[in-house]
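When you line the sequence shown up against full-length UniProt numbering, it's residues 1 to 262, in that order.
Backbone N, C-alpha and C fix where the C-beta goes; we use that ideal spot for every residue, glycine too.
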Amino acid sequence: MFRGFRPTSLRVQSVESLSHNTKRLRFEYPNQTLTSGLQLTSSVLVFCWPQKSWLPAIRPYTPVSSLNQCGFLDLVVKKYPHGKVSSHLHTLQPGDSLYFLGPLPGGYRWSAATATEHSQVYLIAGGSGITPTYQLARGILEENPDGHTKVQVVFGANTAQDLVLKKELDTLQRRFADRLQMHYLVSEAEPSVGEAGNKDVSYGARVTTSRLQQFFGAKRQGGEKVFVCGPPGIENALVGGKANGRGILEELGFEKDQIHVF
Ligand SMILES: Cc1cc2nc3c(=O)[nH]c(=O)nc-3n(C[C@H](O)[C@H](O)[C@H](O)COP(=O)(O)OP(=O)(O)OC[C@H]3O[C@@H](n4cnc5c(N)ncnc54)[C@H](O)[C@@H]3O)c2cc1C
């Protein structure tokens, strides 16, 4: 479907609300036998004309449907207050159309060759950063079912309701129980009133050095790779920078070339 970076208009087939600010939008291809043609971890560009704007606004999104899925493409979109494109996407209804361009050049490409180099992959996602994380975790596990690459996902969010795609991640975890480990961390201190709470979710928990050391171990080994995708706060804390010096991952002994920030 996405070849040669040509603009393509796709129709919305369905819209599902996943949380108070996140929706899953399904776009149908003109031909039901088509697949996306995207690679792990490609993104597509979406462009639209937000209300009262002459100029189009363009933003990247990472599809969460399988790359080999025939007939449609799913985006999971978090709406930001006053966000130009995310607000527009949240107004879409079945039958509406949206322009796409893709695949977005650059980024990280996971392949069969990469899989042989990495025996252990750590994926750390914050909020809507779960979309490339989910795509990559599923790709590593499904496309190479006999592969030796093990995956740990650390998914941090504000509340348990913000853990979008948790159902899909849990299904993946059950299918690949010996290769995938999930860690859910939410900053809310306890389940909201009226909610039972999830026993596999750590409440009042943040991504810290000691917590990651508990998950990943203290000693680094060859063949490890870390992927980070989240809001700037979590990315800065993990990889560091001029303002805050060494990041958590460096403290844990990861080398710069073992870390990829989406
Ligand atoms: C490679 C890539 C893939 C992406 N995939 C997805 C995806 O699958 N799903 C998804 O929901 N988003 C994804 N994003 C983010 C997306 O591209 C937009 O940045 C996001 O939807 C906000 O755009 P907007 O036009 O609505 O907001 P803007 O009009 O650009 O910004 C409005 C306000 O929201 C704040 N804001 C914007 N983006 C963020 C952010 N990421 N974190 C915190 N505050 C923010 C801004 O500071 C501003 O105050 C991806 C980004 C990249 C780079």
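Leaving aside the five residues that flank K150 on each side, the residues in its chain whose CB is nearer than 6 Å to its CB run, in chain order, Q120, R179. By a beta-carbon distance limit of 8 Å, A57 does not contact K78. Their separation comes to about 16 Å. Apart from sequence neighbours up to five positions away, the residues of its chain that approach L34 with a beta-carbon distance below 8 Å are M1, C70, G71, ordered along the chain.
For the 9 Å CB-CB criterion, G139 and L40 form a contact.
Burial state of E190 is exposed, judged by a 10 Å Cβ sphere holding fewer than 16 other Cβ atoms.
Judged by DSSP secondary structure, V85 falls within the alpha helix (DSSP H) whose first and last residues are 84 to 91.
Taken through DSSP and simplified to helix, strand or coil, P191 comes out as coil. A distance criterion of 8 Å places the beta-carbon of Y61 in contact range of ligand 1, judged by its closest non-hydrogen atom. Under the three-state reduction of DSSP, P94 is assigned to coil, being neither helix nor strand. As the crow flies, the alpha-carbon of G222 is around 43 Å from that of V15. For S9, the three-state secondary structure derived from DSSP is strand.
Here the distance from the Cβ of A57 to the nearest heavy atom of ligand 1 is below 8 Å.
Every alpha helix (DSSP H) of 4 residues or more that sits fully in the segment 106 to 142 is shown, in chain order, as 112 to 117, 130 to 142.
Residues S86 of the same chain have their beta carbon placed closer than 6 Å to that of Y80, with the five preceding and five following residues left out of the count. Taking the C-beta atoms as reference points, I130 is found no nearer than 9 Å to F227. The alpha carbon of K256 has as its nearest neighbour, out of I234, E224, S66, the alpha carbon of E224. Excluding sequence positions up to five before and after L185, its CB lies within less than 8 Å of the CB of V154, F155, G156, A157, V201, S202, A205, R206, V207, R211, all in the same chain and listed in chain order.
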